[in-house]
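Residue 86 in my numbering sits at position 29 of the sequence shown; the count goes up by one each step and never skips.
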Amino acid sequence: MKKIHRHVADVPQNVADRGTEIVERHFQVYGVKRAIDLPEEGKVHLMREMRSFFASELPRHPEAVVPRSILGRWWDRVRRFFDGD
Numbered sequence: 058m059k060k061i062h063r064h065v066a067d068v069p070q071n072v073a074d075r076g077t078e079i080v081e082r083h084f085q086v087y088g089v090k091r092a093i094d095l096p097e098e099g100k101v102h103l104m105r106e107m108r109s110f111f112a113s114e115l116p117r118h119p120e121a122v123v124p125r126s127i128l129g130r131w132w133d134r135v136r137r138f139f140d141g142d
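Given below as structure tokens:
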């Protein structure tokens, strides 16, 4: 499985294959070839099933996070302040 970001944990190939089977099964049920073509109900079901599947399959501890610069942390705080978080 190709790593999408260096801070995201690797996914074992067998877990990725089972996740792909879930997506393909949803595509077959709704008769589509792309996720964008799924009706809203299908997207919701697919998202919930994928979340529950990967929550049970992936380890609970994320990879080590690279420390952010002081300026980056300050900017995040400013953004969160104005976003209301």
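Don't be surprised by glycine CBs; every beta carbon is placed ideally from N, CA and C.
All figures in this text were calculated on a predicted structure; none of them were measured in a lab.
- Sorting Pro69, Glu106, Asp67, Val68 by C-alpha distance to the C-alpha of Glu81 places Glu106 at the top.
- Taking 7 angstroms as the cut-off, the beta carbon of Val86 is found no closer than this to the beta carbon of Glu114.
- Within 10 angstroms of the beta-carbon of Leu103 lie 16 or more other beta-carbons, which makes it buried.
- At the C-beta level, Val101 and Leu95 stay beyond 7 angstroms of one another.
- When DSSP states are grouped into helix, strand and coil, Lys90 belongs to the coil group.
- Comparing alpha carbon positions, the residue from Leu128, Phe111, Ile93, Glu98 closest to Glu78 is Phe111.
- Assignment of Asp67 by DSSP, reduced to helix, strand and coil, places it in the coil class.
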